[in-house]
Amino acid sequence: MDFMRLLKSLEELLYELVSWLVFYPLTFWRALTRPLSMIRYADLELDDQLDEQYDDTVSPPLFLLITLLLSQALSGAFPVDPSFAQESKLSSSTANLLIARGVVFGIFPMAMAVTLLVARNIRVTRRTLRPPFFSQCYVAAPFVFLIGLTVDFLIMPREQGLAFGLLALAAAILWYGQAQIRWFRQDLTIGTGKAIGLFVIAFLMAVICSLAVAIAATYLLPRWNA
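Per our numbering, the sequence shown starts with residue 19, numbered consecutively.
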């Protein structure tokens with residue numbers, strides 16, 4: 019009986035993994051081209067039964083994690099400046115790097131979600147934070163992917179990818195900014211100026227926190243693993 023349960027679990031796992039080949043590209047395309055639609059979709063899906071949620075997409079946090087994993091895998095195809103490679107203390111551990119990236123980039127959807135709740139005068143709890151955080155994971159994934167490309171280009175030897183890195187950075191910020199500003203405008207029913215202000219505050223706080231976490235992870239994780 020236990021063996022049959024194991025086979026059933028493996029069957030479900032295999033189907034889930036293979037289904038990502040279909041639903042991940044579809045989810046990424048929808049998030050990239052219709053970010054506000056995906057935000058509303060994520061909010062509505064949380065009201066469904068657990069086994070019916072995100073039936074035609076990848077769930078938001080998992081979508082973000084898969085994007086980080088793909089971005090990390092893509093980084094291996096880029097040449098790296100030797101001086102950076104020597105200073106990178108997380109590069110020796112794929113698991114550490116993925117965890118660090120997950121925490122660092124997870125701060126961005128968290129910052130946007132918290133900003134929305136504060137602007138609405140809603141108390142920040144695990145229950146109230148969950149819907150906006152989940153919906154923001156859809157918007158964060160394309161942004162994270164572009165930021166990953168930015169870093170990959172910028173650390174290429176002899177500044178070969180500097181122009182492409184700056185272009186990817188500009189595209190990431192402009193795309194992410196317009197999506198968030200439109201989201202704040204619609205969700206809070208406010209003007210463009212206030213929406214821009216909320217985005218700038220949330221974005222700067224996310225950048226500061228992300229840099230702090232990244233620096234801490236760079237110096238602390240290697241010591242823990244020593």
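Glycine is no exception: its CB is placed at the ideal position from the N, C-alpha and C atoms.
A quick note: this is a predicted structure, and the numbers were derived from the prediction, not measured.
- A check of alpha carbon separations from Pro79 across Phe96, Gln67, Val98, Cys155 identifies Cys155 as the nearest.
- Thr168 is classed as buried because its beta carbon has at least 16 other beta carbons within 10 Å across all chains shown.
- When the Cα atoms are used, Leu83 and Phe163 turn out to be separated by approximately 11 Å.
- Comparing C-alpha distances from Pro160 to each of Leu28, Leu35, Ala49, Asp20 shows the shortest one belongs to Ala49.
- The straight-line gap separating the alpha-carbon atoms of Ser93 and Leu229 is approximately 19 Å.
- Per the Cβ contact rule, the stretch 190-200 is in contact with the stretch 216-228 (3 or more Cβ pairs under 8 Å).
- With 16 or more other CB atoms across the displayed protein chains lying within 10 angstroms of its CB, Val132 is buried.
- The beta carbons of Ala232 and Val122 sit closer together than 8 Å.
- For the set Phe171, Pro175, Ala189, Ala190, the Cα lying nearest the Cα of Ala181 is the one of Phe171.
- In the structure shown, Thr75 falls within a coil segment according to DSSP collapsed to helix, strand and coil.
- Glu63 sits buried, since 16 or more C-beta atoms from the chains shown fall within 10 Å of its C-beta.
- Excluding its 5 nearest sequence neighbours in each direction, Phe152 has C-beta neighbours in its own chain below 6 Å: Ala60, Pro78, listed in chain order.
- By the criterion of a C-beta distance shorter than 7 Å, Arg203 is surrounded in its chain by Thr210, Ala213, once the five residues flanking it on both sides are discounted.
- Excluding the 5 residues flanking it on each side, Thr45 has same chain C-beta neighbours closer than 7 Å at Thr75, Val76, Phe81, in chain order.
- Spanning the alpha carbons of Val36 and Asn139 requires a straight line of approximately 42 Å.
- Annotated three-state conformation of Met174 is coil, per DSSP.
- Rounded to whole angstroms, the separation of the alpha carbons of Asp20 and Ser55 is 43 Å.
- Between Arg119 and Leu86, the beta carbon gap of about 5 Å places them in contact (Cβ cut-off 8 Å).
- In this structure, the alpha-carbon of Met223 lies about 7 Å from that of Ala129.
- Take Ala137, set aside five residues on each side of it, and the residues of its chain with a beta-carbon closer than 7 Å to its own are Leu206, Leu216, in chain order.
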